[in-house]
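*Asks:* Under the UniProt record's numbering, the sequence shown has 505 at position 505, and the numbering climbs by one with no breaks.
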Amino acid sequence: MLPTGERRARLRRWRAIKDKISKYGISFAGISVVLAFATIFVYLFSEVGPLFSSASVEQKTSYQSPAAQPLHSSIERYGEVGLTVSSDAKLQFFNAETGEIKQQVQLALPAGATVTAFGKADPRTGTIILGLSNGQALIAKHEYLLSYPNDKRQVNPKVSYPLGEAPLQVDAQGQALVAVAIQEKDENRMLSAYTADGRLVLSNMVAETVFLTGETTVVRTDYTLPDPPKSASKILIDNTFQNLFVADSQGQIHYYAINNPQEARLVQSVNAVPSGAQITAMEFLVGTVSLVVGSSTGELSQWFLVRDQHNNFDLKQIRDFEKHPGAITQIDSEYSRKGFMAIDDKGHLGIHYGTSARTLFLESFDDGLVAKQIAISPINTNFLMLDDKGQMHKFELENAHPDVSYTALWNEVWYEGRDEGKYIWQASAGSDEFEAKMSMVPLAIGTLKAAFFAMLFATPLAIMSAIYVAYFMTPVLRGKVKPTIEIMAALPTVILGFLAGLWLAPFIEEYLSAVFAILLLMPFMMLAAAYLWRYMPESVRNRFGLGWEAAFLVPVIILFGYLAISASPMIDNTFFDGSLRQWFTDNGINYDQRNALIVGIAMGFAVIPNIFSIAEDAIFNVPRHLTQGSLALGATPWQTMVGVVLPTASPGVFAAVMVGFGRAVGETMIVLMATGNSPVVNFNIFEGMRTLSANIAVELPETAVGSTHFRVLFLAALVLFVFTFVFNTLAEVIRQRLRQRFSNL
Numbered sequence: 001m002l003p004t005g006e007r008r009a010r011l012r013r014w015r016a017i018k019d020k021i022s023k024y025g026i027s028f029a030g031i032s033v034v035l036a037f038a039t040i041f042v043y044l045f046s047e048v049g050p051l052f053s054s055a056s057v058e059q060k061t062s063y064q065s066p067a068a069q070p071l072h073s074s075i076e077r078y079g080e081v082g083l084t085v086s087s088d089a090k091l092q093f094f095n096a097e098t099g100e101i102k103q104q105v106q107l108a109l110p111a112g113a114t115v116t117a118f119g120k121a122d123p124r125t126g127t128i129i130l131g132l133s134n135g136q137a138l139i140a141k142h143e144y145l146l147s148y149p150n151d152k153r154q155v156n157p158k159v160s161y162p163l164g165e166a167p168l169q170v171d172a173q174g175q176a177l178v179a180v181a182i183q184e185k186d187e188n189r190m191l192s193a194y195t196a197d198g199r200l201v202l203s204n205m206v207a208e209t210v211f212l213t214g215e216t217t218v219v220r221t222d223y224t225l226p227d228p229p230k231s232a233s234k235i236l237i238d239n240t241f242q243n244l245f246v247a248d249s250q251g252q253i254h255y256y257a258i259n260n261p262q263e264a265r266l267v268q269s270v271n272a273v274p275s276g277a278q279i280t281a282m283e284f285l286v287g288t289v290s291l292v293v294g295s296s297t298g299e300l301s302q303w304f305l306v307r308d309q310h311n312n313f314d315l316k317q318i319r320d321f322e323k324h325p326g327a328i329t330q331i332d333s334e335y336s337r338k339g340f341m342a343i344d345d346k347g348h349l350g351i352h353y354g355t356s357a358r359t360l361f362l363e364s365f366d367d368g369l370v371a372k373q374i375a376i377s378p379i380n381t382n383f384l385m386l387d388d389k390g391q392m393h394k395f396e397l398e399n400a401h402p403d404v405s406y407t408a409l410w411n412e413v414w415y416e417g418r419d420e421g422k423y424i425w426q427a428s429a430g431s432d433e434f435e436a437k438m439s440m441v442p443l444a445i446g447t448l449k450a451a452f453f454a455m456l457f458a459t460p461l462a463i464m465s466a467i468y469v470a471y472f473m474t475p476v477l478r479g480k481v482k483p484t485i486e487i488m489a490a491l492p493t494v495i496l497g498f499l500a501g502l503w504l505a506p507f508i509e510e511y512l513s514a515v516f517a518i519l520l521l522m523p524f525m526m527l528a529a530a531y532l533w534r535y536m537p538e539s540v541r542n543r544f545g546l547g548w549e550a551a552f553l554v555p556v557i558i559l560f561g562y563l564a565i566s567a568s569p570m571i572d573n574t575f576f577d578g579s580l581r582q583w584f585t586d587n588g589i590n591y592d593q594r595n596a597l598i599v600g601i602a603m604g605f606a607v608i609p610n611i612f613s614i615a616e617d618a619i620f621n622v623p624r625h626l627t628q629g630s631l632a633l634g635a636t637p638w639q640t641m642v643g644v645v646l647p648t649a650s651p652g653v654f655a656a657v658m659v660g661f662g663r664a665v666g667e668t669m670i671v672l673m674a675t676g677n678s679p680v681v682n683f684n685i686f687e688g689m690r691t692l693s694a695n696i697a698v699e700l701p702e703t704a705v706g707s708t709h710f711r712v713l714f715l716a717a718l719v720l721f722v723f724t725f726v727f728n729t730l731a732e733v734i735r736q737r738l739r740q741r742f743s744n745l
């Protein structure tokens, strides 16, 4: 047996080893937590960062253009085949990498006639129109067919004539066509032209198919529009065949309503450029709702029709883009997004986006090139540029996320079809024409709204329960109540959400007046019960003993709840014409079955165990000598609680509330199942909401990896992470100050 001194020395050495293990283990764990948080931040930033990057262009090849001064150029989606339309009505398809001619198609240009105007339909249709000096027009449609000989992709151009190969007589008087436009939808087409003698003509062509024979005929109707402008440089028709826009040489846009061509009328004429400037370019954005207008002084602006209070439409300027140094010479819109490219006569290229109001690129070309024409690919990965020396250049384009900006995420945005700027979340739809609406404001407000109502319900119940259980309740009853409440934290939130959505929401809708009666009158009933308990005979109170008063309160709560539910139909019939919900609706208060009230109650039950457990421990662990000293000095138990226990336990109680708030902010399944998931901006307790976490859960599985929508959802995760981080940091700071303040107790 070792001597006592040596045995103690061994124990001290072993204790020192254990102390070092604990020290380094705790340090490693703390550093690991910090690194884990840092890793989360780094990963989220790596996914979010590309959203705010600018566009970049890189020149790849240059060659002599197939046409020296083409009227129009384009490039197909794979960037392999380009097209020029020349002033002699020739379509030339060429290799976009080398300039080698692949195919030439000569349109049927009449002898002695010249091309005087050019127009195109929605670029996705491939339909073009050439206005001629004899009042006729040539209409052609180009498309690209794919084949895979020897497993290698081959792009084969094809030209068709939807209204016949022969020239179409647009103006019966044979006047030269100064400006032309065409639009098509399915098999129907509408074209318009401005003639040399100042008339504005319109032709509507409807394809009709005989059911029995399958023969298709085109029914044509011609119109002359009233109040034509004195000049016209550009005409555009939207794809609904309801609106026509004409730009003149005086800087005005004339808006005609043509939904009923027989009663077509000039609705409005607006000055679209600064005084003294001219409109030098005008094009639709995809969907033909918005107009982008370029001026001779470099301004770029977006316009679209806005419905006024009288249900009439006015053409309004919505937003401006960064000004170009020179006069805008061409605007080319993207095929599937609300973006566009613009060039000016000083050799600058601008890449802009409508919804986000971003100018992502505005620079001059290298080597002093001056662009005369541009053509962007349908998938926005490359574009062709024709310079003033007749050289065609192919550029690679990197512009993945132009539709995101601080303005689009956090400010009101005036979206197409809206009468004013709004906060809207609607990130996807089934059409390329859809304008993505990705405002984070409805989601952030929905998150705070859900957390606020949950805390409004849970905090008083949890803290008051913690006070009573920790300080006033008998130990026997506390031993049963505390574990019962804490075990509620293990209840899956999906179950609470399921019950809230399928049972609680219809129940509250049916007994809405009873719910209000319980929420408003139950505290008074509890006070009345406490008052009656005070005057109970001494023998009855002694039989229960101190700390058992809550057992007397349970039947009171159950009885009053039953009476309120039973009386609900009578209350509705007496005061609210049979339905409190309908009364709300009649008085302009929206009521959704799944709303913030449901979420507050359901999420409150999920949050109560967290707040209760931490707060109860903080109150129960207040040193006994403090409470005994207060009681010894003559304070009542309630005065001791308010003056001594609560101040001492306030850091723990505050921490409990903030932990509960953090839980409420991050809750997903209850909000997902108990609300309508409508991203609305209000704090109406009777309407639903969509939270950041629920939005991520709903939309992330359906979005394309790497897309703008995908990265914006990661941004939502980052915002949620920052929310919880900021609130927890503030909670810790306040908790430490409370500890310092009451440490002398």
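Backbone N, C-alpha and C fix where the C-beta goes; we use that ideal spot for every residue, glycine too. Fair warning: this is a prediction, and the values are worked out from it, not measured in the lab.
Name the two residues that bound the continuous beta strand (DSSP E) containing W341.
*Replies:* Translated into the one-based positions of the sequence shown, residue 341 becomes position 341. This sequence places Met at residue 341; Trp is not what is there. Taken as a continuous stretch (DSSP letters only), the beta strand (DSSP E) holding M341 covers 339-344.
*Asks:* Kindly provide the ranges of any alpha helix (DSSP H) runs that are 4 or more residues long and lie completely inside the stretch 474-515, ordered along the chain.
*Replies:* Correct list: 475-487, 493-499, 505-510.
*Asks:* Of the choices A196, V286, E184, whose alpha-carbon is the least far from that of N204?
*Replies:* Here the question's residue 204 lines up with position 204 in the sequence shown. Among A196, V286, E184, the Cα nearest to that of N204 belongs to E184.
*Asks:* For the beta strand (DSSP E) that R594 lies in, which residues bound it at each end?
*Replies:* The residue labelled residue 594 in the question sits at position 594 within the sequence shown. Unbroken run through R594: none, as it is neither H nor E.
*Asks:* Residue range of the beta strand (DSSP E) that T125 falls in?
*Replies:* In the sequence shown, the residue the question calls residue 125 occupies position 125. Neither: T125 is in no beta strand (DSSP E) and is coded neither H nor E.
*Asks:* Whole beta strand (DSSP E) runs in the stretch 13-87 with 3 or more residues, listed along the chain?
*Replies:* Here the runs fully enclosed are 56-64, 72-75, 81-85.
*Asks:* Taking the continuous beta strand (DSSP E) assigned at E143, which residues delimit it?
*Replies:* Working through the sequence shown from its first residue, we reach residue 143 at position 143. 136-147 is the extent of the beta strand (DSSP E) around E143.
*Asks:* Given this structure, state the Cα-to-Cα distance separating A674 from L448, to the nearest angstrom.
*Replies:* Sequence index remark: in the sequence shown, residue 674 carries index 674 (1-based). Sequence index remark: in the sequence shown, residue 448 carries index 448 (1-based). Their backbone Cα atoms lie some 16 Å apart in a straight line.
*Asks:* Would you mind reading off the limits of the alpha helix (DSSP H) that contains R711?
*Replies:* For the purposes of this step, residue 711 is taken as residue 711 along the sequence shown, with counting starting at 1. Looking at the DSSP string, the run of the alpha helix (DSSP H) that includes R711 is 708-741.
*Asks:* Over what stretch of residues does the alpha helix (DSSP H) that includes S650 continue unbroken?
*Replies:* Here the question's residue 650 lines up with position 650 in the sequence shown. Unbroken alpha helix (DSSP H) run through S650: 646-666.
*Asks:* Hey, A108 and E165 are a contact pair by Cβ (cut 8 Å); roughly how many whole angstroms apart?
*Replies:* If you number the sequence shown from 1, residue 108 lands on position 108. If you number the sequence shown from 1, residue 165 lands on position 165. Between E165 and A108 the Cβ distance is about 6 Å, and since that is below 8 Å, they are a contact.
*Asks:* Taking the alpha helix (DSSP H) that E699 falls in, what are its first and last residues?
*Replies:* The residue you call residue 699 lines up with position 699 of the sequence shown. Segment 692-699, the alpha helix (DSSP H) holding E699.
*Asks:* Report the rounded CA-to-CA distance for I614 versus V469, giving the unit in angstroms.
*Replies:* If you number the sequence shown from 1, residue 614 lands on position 614. If you number the sequence shown from 1, residue 469 lands on position 469. Going by the C-alpha atoms only, they are around 12 Å apart.
*Asks:* If you pair each beta-carbon of the stretch 414-423 with each one of the stretch 286-302, do three or more pairs fall below 8 Å?
*Replies:* Verdict: yes, contact present.
*Asks:* Give the C-beta separation of E334 and N380 to the nearest angstrom, bearing in mind that I take them to be a contact with Cβ-Cβ under 8 Å.
*Replies:* Taking the sequence shown and counting its residues from 1, one reaches residue 334 at position 334. Taking the sequence shown and counting its residues from 1, one reaches residue 380 at position 380. Sure, about 6 Å apart at Cβ, within 8 Å.
*Asks:* Kindly indicate which residue of I696, H352, L502 has the alpha-carbon position closest to the one of W425.
*Replies:* On the sequence shown, residue 425 is found 425 positions in, with the first residue counted as 1. Among I696, H352, L502, the Cα nearest to that of W425 belongs to I696.
*Asks:* Name the DSSP beta bridge partners of T217, please?
*Replies:* Position 217 of the sequence shown, counted from the start, is the residue given in the question as residue 217. DSSP lists E208 as partners of T217.
*Asks:* For R153, which three-state DSSP category applies?
*Replies:* Numbered from its first residue, the sequence shown carries residue 153 at position 153. Reduced to three states, the DSSP call for R153 is coil.
*Asks:* Given a threshold of 16 other Cβ atoms within 10 Å of its Cβ, counted over all protein chains shown, does N134 qualify as buried or as exposed?
*Replies:* Taking the first residue of the sequence shown as position 1, residue 134 is located at position 134. N134 comes out buried.
*Asks:* Going by C-alpha to C-alpha distance, which of G119, T407, E398, Q330 sits closest to G354?
*Replies:* Counting from 1 along the sequence shown, the entry for residue 354 is found at position 354. Checked all of G119, T407, E398, Q330; the closest Cα to G354 is T407.
*Asks:* Would you check if the distance between the CB atom of L362 and the CB atom of I374 is smaller than 9 Å?
*Replies:* If you number the sequence shown from 1, residue 362 lands on position 362. If you number the sequence shown from 1, residue 374 lands on position 374. Cβ atoms of L362 and I374: not closer than 9 Å.
*Asks:* Touching or not, the stretch 317-328 and the stretch 292-307, by the rule of three or more beta carbon pairs under 8 Å?
*Replies:* Touching, per the Cβ criterion.
*Asks:* CA-CA distance, L146 and F321?
*Replies:* Here residue 146 refers to the residue found at position 146 when the sequence shown is read from its first residue. Here residue 321 refers to the residue found at position 321 when the sequence shown is read from its first residue. Straight-line Cα distance between these residues: approximately 38 Å.
*Asks:* When the Cα of V57 is compared with those of A117, W533, M440, N399, which residue comes out closest?
*Replies:* Taking the sequence shown and counting its residues from 1, the one referred to as residue 57 is at position 57. With distances taken between Cα atoms, V57 lies closest to N399.
*Asks:* Spatial neighbours of Q262 within its chain, please: CB distance less than 8 Å, with the 5 preceding and 5 following residues excluded, ordered by chain position.
*Replies:* For the purposes of this step, residue 262 is identified with residue 262 of the sequence shown, where counting begins at 1. So the list reads Y223, once near-sequence residues are dropped.
*Asks:* With distances taken Cα to Cα, identify the nearest neighbour of L496 among R265, L580, F710, E667.
*Replies:* The count along the sequence shown starts at 1 and reaches residue 496 at position 496. It is E667 whose Cα lies nearest to the Cα of L496.
*Asks:* Could you say if the stretch 570-580 and the stretch 603-611 meet the contact criterion of at least three C-beta pairs nearer than 8 Å?
*Replies:* These segments do not touch.
*Asks:* Between Y148, A272, H254, which lies nearest to G265 when the distance is taken from Cα to Cα?
*Replies:* As a first step, residue 265 must be located in the sequence shown, where it is residue number 265. First, the amino acid is wrong: residue 265 is Arg here, not Gly. Checking every option, the nearest Cα to that of R265 belongs to H254.
*Asks:* Going by CA-CA distance only, name the one from N312, F304, Q309, H310 that's closest to R319.
*Replies:* Here residue 319 refers to the residue found at position 319 when the sequence shown is read from its first residue. Checking every option, the nearest Cα to that of R319 belongs to F304.
*Asks:* Thinking C-beta only, is A272 closer than 9 Å to Q242?
*Replies:* Numbered from its first residue, the sequence shown carries residue 242 at position 242. Numbered from its first residue, the sequence shown carries residue 272 at position 272. Not closer than 9 Å, so no.
*Asks:* Looking only at its own chain, which residues have a Cβ that is under 7 Å from the Cβ of G547, when we skip the five neighbours before and after it?
*Replies:* Taking the first residue of the sequence shown as 1, we reach residue 547 at position 547. So the list reads F472, M473, T474, L477, once near-sequence residues are dropped.
*Asks:* Taking P162 and I139 to be in contact with their CB atoms under 8 Å, please state how far apart those CB atoms are, rounded to whole angstroms.
*Replies:* If you number the sequence shown from 1, residue 162 lands on position 162. If you number the sequence shown from 1, residue 139 lands on position 139. Sure, about 7 Å apart at Cβ, within 8 Å.
*Asks:* I'd like the span of the alpha helix (DSSP H) that includes W583, first residue to last.
*Replies:* As a first step, residue 583 must be located in the sequence shown, where it is residue number 583. Run containing W583: 580-586, per the alpha helix (DSSP H) assignment.
*Asks:* By DSSP, does Q262 sit in helix, in strand, or in coil?
*Replies:* By one-based count along the sequence shown, residue 262 stands at place 262. Looking at Q262 - three-state DSSP - the assignment turns out to be helix.
*Asks:* In whole angstroms, what separates the C-alpha of V159 from that of V105?
*Replies:* Start at 1 with the first residue of the sequence shown, and residue 159 comes out as number 159. Start at 1 with the first residue of the sequence shown, and residue 105 comes out as number 105. Distance between the alpha carbons of V159 and V105: 8 Å.
*Asks:* Quick check on this structure: which residue in I670, M603, S678 has the alpha carbon closest to the alpha carbon of G660?
*Replies:* For the purposes of this step, residue 660 is taken as residue 660 along the sequence shown, with counting starting at 1. Of the listed residues, the one whose Cα sits closest to G660 is M603.
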